[in-house]
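Under the working numbering, the first residue of the sequence shown carries the number 48, and numbering increases by one thereafter. Below is one structure, written out as C-alpha cells; the observations come after it.
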Amino acid sequence: MKPFGYLRATSVEEAVRAAEGQPGARFLGGGTNLVDLMKLGVERPGLLIDVTRLPLDHIEELPDGGLRIGAMVSNSALAAAAPVRERYPVLSQAVLSGASGQLRNTATTGGNLLQRTRCLYFQDVSKPCNKREPGSGCPAREGIHRDLAVLGHSPHCVATQPSDMAVALAALDATVHLHGPDGDRSVPVTEFHRLPGDHPEQDTVIRPGELITAVQLPPADRGARSRYRKARDRASFAFALASVAAVLDVRDGVVRRAALAFGGLAHRPWRARAAEEVLRDAPATEDTFARAAEAELAAAEPLRDNGFKVPLARNLAVAVLTELAAPPARG
Ligand SMILES: Cc1cc2nc3c(=O)[nH]c(=O)nc-3n(C[C@H](O)[C@H](O)[C@H](O)COP(=O)(O)OP(=O)(O)OC[C@H]3O[C@@H](n4cnc5c(N)ncnc54)[C@H](O)[C@@H]3O)c2cc1C
Ligand code: SF4
C-alpha cells in the first residue's frame, strides 16, 4: 500500500482547508468503502482527512417540519431514528436493506452517498476501466455486466450507483448540503449523482475539496405512505439488482401525489418522472401502476445479459405501488 498522511479534523473549516489544493486528499468517513478500495489499489490517497469526529452526527428537526441529517450520522442511527421511521419509512427501509448491521454501525450518511460502483472491472486494477483510468476502455460493456445499467448508460461506462439510501432520498426530494473552498452550497439529491456520459470518472457533481455536511429532508406529506423494496441475489449483504422507492398519496381511489425512484438500474438513482406523469390524478389501480412503470422503462437499453432487470423493475414498482394504495391494515 502507498504510504499516506493522516489528519483527524476537529472542525469543518479545518477539514476543508486541509483538502484545498490537494487532489490526493480524501475525507475518511466510516472507511467501509474507501479503505477497501485502498487495499485493492483503486484508491491511492496521499492524505486521509478523518472527518468522523466532526460535530455532524445529529438529526435535527427543522421549523418547517423537515429533518436535517448530519453527514456523520451512522447508517444504523439514521434507520433507527424515530422521526425517520415514523415520517419517512422508505428511508429507514432502504438503509436497513443495505450492507450488514456491523457495516451500518460504521458507515456514515456522507460516505454512503459517495460510495463507488461495485463494477468488477473498476475494482480490479489489472483491468482497463474508464471510471478508474479515463480513456482506458470499458470491458464491462462486452464482458460481465449482469448487475450493471439498463438506463442512462453511455458507450464509456455502464456502471450502476450502489447506494440504497440514495434511491430513497431521491424519491423524498432530499437536498445535499456541501461546504468547500468556495463556501456553502446545496444540490438536490436527484442532481447530485451524474450519468456517465463522456466522463464516467465523475460519479457526482461534488467539487474538489467539498465536504458533505448534511442531507435535508423536506416535510413529509402526512397523507402519503412510502416504501422501499429491493431485489437481489441473496436476502442480505448484496447490492440491488433493481430496487424501488415510492411515496404515494391516494384519496378516494385517485392518486393525489406520487414520487418514484429506481435503484440498481443506472449510474444514479433514477427518479421516474415519466411514471409520475402517468400516475398523476389517475385511478390507483394495478393497471395504472403497470402503465406508469412501463412508460418509464420504455427508455431502457439493456445490455446482452441484463435484460431481466426491466421486467424485474416493472414488477417491483407495480407491487410496491399496489401495496401502498391498499388501505393500511388496522391492528
Ligand atoms: C460487503 C458490503 C456490502 C454492502 N452492501 C451495501 C448495500 O447493499 N447497499 C448499500 O447502499 N451499501 C452497501 N454497502 C456500502 C456501505 O453502505 C458503504 O460502504 C458505506 O455507506 C460507505 O460509508 P462510509 O462512511 O464507510 O464511507 P467511506 O468509505 O469513509 O467513504 C466513501 C467515499 O465518500 C467520501 N466521503 C466520506 N464522507 C464524506 C463527506 N462527509 N464529504 C465528502 N466526502 C466524503 C470518501 O472520501 C470516499 O470517497 C456495502 C458495503 C460492504 C463492504
Ligand atoms: S462499466 Fe464503468 S466502472 Fe465498469 S468497467 Fe466500464 S467504465 Fe469501468
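Where is the CB? At the ideal position from N, CA and C, for every residue including glycine.
Look at residue 101 here: in three-state DSSP terms it is coil, with no helix or strand label. Per DSSP, the unbroken alpha helix (DSSP H) holding residue 140 starts and ends at 136-143. When distances are taken from the beta-carbon of residue 116 to the heavy atoms of ligand 1, even the shortest one reaches 8 Å or more. Distances from the alpha-carbon of residue 197 to those of 232, 317, 301, 312 put 312 closest.
In its chain, beyond the 5 residues on either side, 220, 221, 222, 223 have a beta carbon closer than 8 Å to the beta carbon of residue 235.
The DSSP assignment places complete alpha helix (DSSP H) segments of no fewer than 4 residues inside the region 170-238 at 211-218, in order along the chain. Excluding residues up to 5 positions away in sequence, 214, 217, 218, 292, 316, 317, 318, 319 lie with their Cβ nearer than 7 Å to the Cβ of residue 308 in the same chain. Contact check for residue 335 against residue 326 passes: the beta carbons are separated by less than 9 Å. Inter-segment contact for the region 266-281 and the region 366-373 is present: three or more beta-carbon pairs are separated by less than 8 Å.
The DSSP assignment places 320-326 as complete runs of the alpha helix (DSSP H) inside the region 282-326, in order along the chain (cut-off: 4 residues). Contact annotation, residue 356 with residue 267: C-beta distance approximately 30 Å; criterion of less than 8 Å not satisfied. Residue burial annotation: residue 323 is buried, with at least 16 other C-beta atoms found within 10 angstroms of its C-beta.
Sequence-distant Cβ neighbours of residue 244 in its own chain, meaning closer than 6 Å and more than five residues away, are 201. Distance from the C-beta of residue 342 to the nearest heavy atom of ligand 2 is not below 8 Å. Per the C-alpha coordinates, the member of 351, 162, 285 positioned closest to residue 82 is 162. According to the DSSP assignment, residue 149 belongs to no beta strand (DSSP E) but to the alpha helix (DSSP H) extending over 148-153.
Look at residue 251: its beta carbon is at least 8 Å from all of the heavy atoms in ligand 2. With three or more CB-CB distances shorter than 8 Å, the region 259-266 counts as touching the region 147-164. One Cα belongs to residue 203, the other to residue 246, and the distance between them is close to 8 Å. Distance check between residue 50 and each of 175, 186, 59, 92 places 92 closest, using alpha-carbon atoms only. By the C-beta density criterion, residue 109 is exposed, having fewer than 16 other C-beta atoms within 10 angstroms.
With fewer than 16 neighbouring CB atoms inside 10 Å of its own CB, residue 68 falls in the exposed class.
Taking one beta carbon from each stretch, the region 51-63 and the region 96-112 have 3 or more pairs nearer than 8 Å; the two touch. Spatial neighbours of residue 84 in its own chain (CB-CB distance under 8 Å, excluding positions within 5 residues in sequence) are listed in chain order as 90, 163, 170.
Close CB contacts of residue 303 within its chain, under the 6 Å cut and outside five residues either way in sequence, are with 296 (chain order). One thing to note: residue 310 has its Cβ within 9 Å of the Cβ of residue 210. A distance below 6 Å between beta-carbons, with the five flanking residues on each side excluded, links residue 144 to the following residues of its chain, in chain order: 211, 277. Per DSSP, residue 72 is one residue of the beta strand (DSSP E) stretching across 72-75.
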